[in-house]
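Residues in the sequence shown are numbered from 14 upward in steps of one, following the working numbering. Backbone N, C-alpha and C fix where the C-beta goes; we use that ideal spot for every residue, glycine too.
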Amino acid sequence: MIDLRRYADREHLLLASYAMYSRETGGRLHDEQAHAYRGPFARDRDRILHSSAFRRLSGKMQVFTGEMGIYHRTRLTHTFEVASVARTMARVLRLNEDLTEALALVHDIGHPPFGHCGEDILSHCMNSVGGFSHNGFALVIVEQLEQRYAKFPGLNLSRETLAGQDVRAHKAEAAVGRSPMLEVQLVDAADSIAYDAHDVDDALQMGLLSIEELSELAVIRRALERTRGRHGLLPKAQLRQLLVHELIDLQVGDLLEQALEAVRPFEGQSTSSVSDAGLRLGHSEVIARERIELETFLFDAVYRHERLIPVRKAASDRLETLFNILVRDPSRMPLRFRQRAESHATQAVVGEYIAGMTDAFCDSQYRYAVESVSGPLADW
Ligand code: MG
14 MIDLRRYADR
24 EHLLLASYAM
34 YSRETGGRLH
44 DEQAHAYRGP
54 FARDRDRILH
64 SSAFRRLSGK
74 MQVFTGEMGI
84 YHRTRLTHTF
94 EVASVARTMA
104 RVLRLNEDLT
114 EALALVHDIG
124 HPPFGHCGED
134 ILSHCMNSVG
144 GFSHNGFALV
154 IVEQLEQRYA
164 KFPGLNLSRE
174 TLAGQDVRAH
184 KAEAAVGRSP
194 MLEVQLVDAA
204 DSIAYDAHDV
214 DDALQMGLLS
224 IEELSELAVI
234 RRALERTRGR
244 HGLLPKAQLR
254 QLLVHELIDL
264 QVGDLLEQAL
274 EAVRPFEGQS
284 TSSVSDAGLR
294 LGHSEVIARE
304 RIELETFLFD
314 AVYRHERLIP
324 VRKAASDRLE
334 TLFNILVRDP
344 SRMPLRFRQR
354 AESHATQAVV
364 GEYIAGMTDA
374 FCDSQYRYAV
384 ESVSGPLADW
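Structural data, given as structure tokens:
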């Protein structure tokens, strides 16, 4: 008898053969009993959602800082947008939605404060210990730094969720040979679709860009045509929002069309045979080309916009100063980081401590560190 309250039965009914099934999980590093009604990946999703690193995403900027208004995305709202886009695609492709959602929620959890400039300066400061990567740091957080359970450090996530994040940390290796699970690939695609679209939205709303300037780009003209076809002429604010909606919708539609075609020969085969065959999901040639054009444009027109440069420079300087103070005097770190520094390189631990901070927390600790000569800073 099929019982839809049982996740194994639901997966049996709903998922394609090449999805990742909960029953095939490689388990967790520390054995745990199966949950009565949540599958392993649903538990992973919940563990990530309830982690303190996840909550701190609300205080981390994506591209724009808090001094620039309250409209734009933070890492938290970006993460939810990625999860939403990825789940939509997973459902159409009959992949494992729970795993997809867990992977989406964890994907940016390792970001340091102050967005990309925070990552750049931290990587520079940590040069002697191999630099800094937010994708790698996400694994340190979920495997070591989160404190939720008495018996082990970290969140004890399933091997597949960890492997999915590990793929992100080793993107170059994952681009050839055996391909990552389809669920991992979807999150990657959703991440890129979501940030391009919301950077357009945020930049337009802040007046860093105009729709006229953007209309130089083929993918924007495509989205504008669809918007006008559906709604006719619109006031600017409404046009912006519908344009962003169409921009996401047309890319998701394109990726799904390509993906449905690509997975068809694998009907009846398992997730590992798809990986063995090296199947990689992607956009159609036309949309892929137009996306590159959009990203190149955004890089110059938004990320290097003159209004952002001084804000970034000041944030980088504060972060670097704080880093140097703590490397000179590691005893100013909170207790658990001082203990960690006994078995890890000082630069690495100082980097981890700073990377876990929100933007505002980093600023407050910076002020305390430069205004007082001693005394430990606060733990997050
Ligand atoms: Mg992201």
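Whose C-alpha, out of the options, is nearest the C-alpha of residue i?
i      : options                        : result
His124 : Leu332, His137, Ala66          : Ala66
Ala32  : Thr113, Arg317, Thr101         : Thr113
Ile134 : Arg341, Val383, Phe336         : Phe336
Ile122 : Val324, Ala103, Leu89          : Leu89
Val7   : His129, Asp209, Pro347, Phe312 : Residue 7 is absent from the model: the chain starts at 14 and stops at 393.
Arg293 : Gln198, Leu307, Asp215, Lys249 : Gln198
Leu332 : Val383, Thr92, Arg302, Ala354  : Val383
Asp289 : Gly388, Arg345, Val189         : Val189
Gln378 : Arg345, Ser356, Val362, Ala358 : Arg345
Ala203 : Gly266, Asp44, Ile15, Arg351   : Gly266
Leu108 : Thr359, Ser71, Ala272          : Ala272
Pro166 : Ala117, Gly128, Ser64, Ala373  : Ser64
Pro278 : Ala21, Ala29, Glu24            : Ala29
Glu280 : Val98, Leu106, Phe54, Arg60    : Leu106
Met102 : Asp262, Ile300, Ile367, Arg351 : Asp262
Apply the 10 Å Cβ neighbour rule to residue i and answer buried if 16 or more other Cβ atoms are within range, or exposed otherwise.
i      : result
Glu274 : exposed
Thr334 : exposed
Pro126 : buried
Ala207 : buried
Ser171 : buried
His244 : exposed
Leu307 : buried
Ile154 : buried
Quick one: give me the first and last residue of the alpha helix (DSSP H) that residue i is part of.
i      : result
Gly177 : 172-182
Val299 : 298-311
Pro126 : Premise fails: Pro126 is in no alpha helix (DSSP H) and is neither H nor E.
Gln352 : 348-353
His25  : 20-27
Arg341 : 322-341
Thr240 : 231-244
Asn148 : 147-153
Arg12  : A question about residue 12 goes unanswered here, because the residues of the chain that appear run from 14 up to 393.
Ser356 : From DSSP, Ser356 is part of no alpha helix (DSSP H); its letter is neither H nor E.
Glu274 : 249-276
Gln198 : 195-218
Which whole-angstrom value is the C-beta distance of residue i and residue j, which I expect to be below 8 Å?
i      : j      : result
Gly369 : Met139 : The pair is not a contact, with the Cβ atoms about 14 Å apart (cut-off 8 Å).
Pro347 : Asp392 : 4 Å
Arg304 : Val232 : 6 Å
Met74  : Thr92  : Incorrect: roughly 13 Å between the Cβ atoms, too far for contact.
Ala151 : Val180 : Actually they are not in contact, since the Cβ atoms of Ala151 and Val180 sit about 12 Å apart, beyond 8 Å.
Gly72  : Phe374 : 7 Å
Tell me, please, whether the CB atom of residue i is closer than 8 Å to any CB atom in chain C?
i      : result
Ala358 : Structure shown: chain C not included; a single protein chain is present.
Query raised in the report: Is the stretch 248-261 close to the stretch 224-233, with three or more CB pairs under 8 Å?
Result: yes
Query - Any 3 or more C-beta pairs closer than 8 Å across the stretch 32-41 and the stretch 148-163 - result: no
Requested in this report: Mind the definition here: the stretch 181-200 touches the stretch 272-291 only if three or more C-beta pairs lie below 8 Å; say whether that holds.
Outcome: yes
Query - the stretch 211-219 contacting the stretch 311-318, beta-carbon criterion three pairs below 8 Å - result: yes
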